[in-house]
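A.B. asks:
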Amino acid sequence: MKRGDVFIYGPVASRRLGSSLGVDLVPRKVCDYDCVYCQLGKTSVKTMRREPYVAVEAVLEQLERRLGEEAGIDYITLAGSGEPTLHSQLDEVIAGIRRLSEIPIAVITNGSLLGDGEVAAACARADLVVPSLDAADEETFQAVNRPCEGINLEGVVEGIASFRRAFRGEVWLEVMLVEGLNAREDQVREMSAVIAKISPHRVQLNTVVRPGAEPGARAVGEAELAKLAVMLGEGADAVPPLPRGIAVTSLGARAQKALHIMRRRPCTAEDVAKALRMNYTEAMKLLVEMEGKGLLSSKASGGKTFYVVP
Ligand code: SF4
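Numbering (my numbering), first residue to last: 272 to 581.
Below you can see the structure in the form of structure tokens.
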């Protein structure tokens, strides 16, 4: 762990979770998927290995401090710079959060490891688990999520479904649609059969927003998204095109500072995180929101995404 590492970000005002304080359990970007739409960019450490990527004590210490500073938090949310269930001490983290606070705990996960007994037992300590599912067939799963070798759709669906059956909290499923890859009507219809097997409490349909891992990953139009949500039946909800995990934050002093820096030179999310001493994910959320409000525009150059003031 480096000096100054930031594990707690937000609070983020999320449509689903209200005011959510984020806990980042893996460095950017450790994941067992490499989704084409990932707003964190390409997966740099693609692995299924569960490890103590960050020190639990340091995470809990920072969280305790932040909880003392913040009021009105609706959820403490494990999400962030990769796949949080890859942290091998997830169980300890959630137990530690429980000791610190009575605020409900949410885990945002790609769901790939919910079939693993240890991961399922750790997630079962949370109040809400939000896994994702973006395909109904293996070929589409491989094309959209690009998982580690050895992960297949059938296993993932079975893992999420058995977790759902045993879990006493709520499971909200997230579906991310990418134009030209998994958003055809017949694909969504097939997905609805797979979702029925899982029987989540809620389904949330999203679409991609730049900057993603692949510049070619295109968003589905808002009207089309709403139509596809209807096909998924009651309990399915289409949200306006925001990337997964990105919620609307209030633009405050940090946005002003970010604008101040970017008026001088184009910056990457990493530059902004460093300059404003923010967690990368938090910086990314701020930039995407600012771009959504027309305050910034982004352009790809040399494999990086730069933000500029138009
Ligand atoms: S979207 Fe989530 S699951 Fe997909 S690559 Fe990014 S961090 Fe991993």
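All residues carry an ideal CB built from backbone N, CA and C; glycine is no exception.
Between the Cα of M549 and those of G386, A524, P537, spot the shortest distance and give me the residue it belongs to.
C.D. replies: To locate residue 549, count along the sequence shown from 1; it is residue 278. Here the closest residue by C-alpha is A524.
A.B. asks: What's the gap between the Cα of M555 and the Cα of E363?
C.D. replies: Within the sequence shown, numbered from 1, the residue matching residue 555 stands at position 284. Within the sequence shown, numbered from 1, the residue matching residue 363 stands at position 92. Going by C-alpha positions, M555 is about 28 angstroms away from E363.
A.B. asks: From the DSSP secondary-structure annotation, give me the bridge partner or partners of T348.
C.D. replies: By one-based count along the sequence shown, residue 348 stands at place 77. Looking at the DSSP assignment, T348 forms a beta bridge with G293, A377.
A.B. asks: Go to R473, then tell me how far its beta strand (DSSP E) extends in each direction, as first and last residue.
C.D. replies: The residue given as residue 473 occupies position 202 in the sequence shown. Here the beta strand (DSSP E) through R473 covers 473–478.
A.B. asks: Determine the closest residue to C419 out of L357, V294, L567, with distance taken between C-alpha atoms.
C.D. replies: Sequence index remark: in the sequence shown, residue 419 carries index 148 (1-based). Comparing Cα positions, the closest option is L357.
A.B. asks: Looking at the ligand SF4, does it come within less than 6 angstroms of Y304, judged from the CB to the closest heavy atom?
C.D. replies: Counting from 1 along the sequence shown, the entry for residue 304 is found at position 33. Flag set: Cβ of Y304 near the ligand SF4.
A.B. asks: Would L424 and Y346 qualify as a contact pair, given that the criterion is a beta-carbon distance under 7 angstroms?
C.D. replies: Here residue 424 refers to the residue found at position 153 of the sequence shown. Here residue 346 refers to the residue found at position 75 of the sequence shown. Against a cut-off of 7 angstroms, the Cβ pair of Y346 and L424 comes out as no contact.
A.B. asks: At what residue ranges does the stretch 380–427 contain a whole run of the alpha helix (DSSP H), taking only runs of 4 or more?
C.D. replies: 388–394, 409–416
A.B. asks: Do the stretch 299–307 and the stretch 380–390 make contact, defined as three or more Cβ pairs closer than 8 angstroms?
C.D. replies: Taking 8 angstroms as the limit for Cβ pairs, the verdict is that the stretch 380–390 does touch the stretch 299–307.
A.B. asks: CB L404 to CB G440, shorter than 7 angstroms?
C.D. replies: As a working note, residue 404 is residue 133 in the sequence shown. As a working note, residue 440 is residue 169 in the sequence shown. Cβ atoms of L404 and G440: not closer than 7 angstroms.
A.B. asks: Tell me the residue span of the alpha helix (DSSP H) that contains K498.
C.D. replies: As a first step, residue 498 must be located in the sequence shown, where it is residue number 227. Element bounds for K498: 493–502.
A.B. asks: Leaving out five residues on either side along the sequence, give the residues of the same chain with a beta carbon under 7 angstroms from the beta carbon of A507.
C.D. replies: The sequence position of residue 507 within the sequence shown is 236, counting from 1. For A507, where only same-chain residues beyond five positions count, the Cβ hits under 7 angstroms are V474, L476, A500.
A.B. asks: Rounded to the nearest angstrom, what separates G281 and D387 at their Cα positions?
C.D. replies: Mapped onto the sequence shown, residue 281 falls at position 10. Mapped onto the sequence shown, residue 387 falls at position 116. So the alpha carbons of these two residues sit roughly 30 angstroms apart.
A.B. asks: With a Cβ-Cβ cutoff of 7 angstroms, do A544 and I532 count as a contact?
C.D. replies: Reading the sequence shown from its first residue, position 273 is the one you call residue 544. Reading the sequence shown from its first residue, position 261 is the one you call residue 532. Contact flag unset, no.
A.B. asks: Which of helix, strand or coil does DSSP assign to G565?
C.D. replies: For the purposes of this step, residue 565 is taken as residue 294 along the sequence shown, with counting starting at 1. The answer is coil: DSSP assigns G565 none of H, G, I, E or B.
A.B. asks: Over what stretch of residues does the beta strand (DSSP E) that includes M447 continue unbroken?
C.D. replies: Along the sequence shown, read from residue 1 onward, the residue named residue 447 stands at position 176. Element bounds for M447: 441–448.
A.B. asks: Going by C-alpha distance, which of T539, S315, G574 is nearest V559?
C.D. replies: Here residue 559 refers to the residue found at position 288 when the sequence shown is read from its first residue. Answer by Cα proximity: T539.
A.B. asks: Counting beta carbon pairs with one atom in the stretch 409–418 and one in the stretch 359–377, are three or more of them shorter than 8 angstroms?
C.D. replies: no
A.B. asks: Using the beta-carbon count (16 or more within 10 Å), is G353 buried or exposed?
C.D. replies: Your numbering for residue 353 matches position 82 in the sequence shown. Per the 10 Å Cβ criterion, buried.
A.B. asks: Would you grab the beta carbon distance between E445 and V401 for me? Rounded to a whole angstrom, and I think it's under 8 angstroms.
C.D. replies: Your numbering for residue 445 matches position 174 in the sequence shown. Your numbering for residue 401 matches position 130 in the sequence shown. 6 angstroms between Cβ atoms; contact.
A.B. asks: Please report how far the alpha carbon of F577 lies from the alpha carbon of E450, in whole angstroms.
C.D. replies: In the sequence shown, counting from the first residue as 1, residue 577 sits at position 306. In the sequence shown, counting from the first residue as 1, residue 450 sits at position 179. Taking the straight line joining both Cα atoms gives about 24 angstroms.
A.B. asks: The ligand SF4 heavy atoms versus the CB of C419: any closer than 6 angstroms?
C.D. replies: Reading the sequence shown from its first residue, position 148 is the one you call residue 419. No, Cβ of C419 sits at least 6 angstroms from all heavy atoms of the ligand SF4.
A.B. asks: Where does the unbroken alpha helix (DSSP H) through V459 begin, and where does it stop?
C.D. replies: Start at 1 with the first residue of the sequence shown, and residue 459 comes out as number 188. Per DSSP, V459 belongs to the alpha helix (DSSP H) from 456–469.
A.B. asks: Give a single yes or no on whether G603 has its beta carbon closer than 6 angstroms to a heavy atom of the ligand SF4.
C.D. replies: Lying outside 272 to 581, the shown extent of the chain, residue 603 is not represented and no answer is given.
A.B. asks: Between V297 and chain D, is the shortest Cβ-Cβ distance under 7 angstroms, so that the two count as touching?
C.D. replies: Considering every chain present, this structure includes no chain D. It has just one protein chain.
A.B. asks: Could you tell me whether the Cβ atoms of Y452 and V415 are closer together than 7 angstroms?
C.D. replies: Residue mapping note: residue 452 aligns to position 181 of the sequence shown, counting from 1. Residue mapping note: residue 415 aligns to position 144 of the sequence shown, counting from 1. Sequence inspection shows Leu at residue 452; the Tyr mentioned does not correspond to that position. Going by C-beta atoms, L452 is nearer than 7 angstroms to V415.
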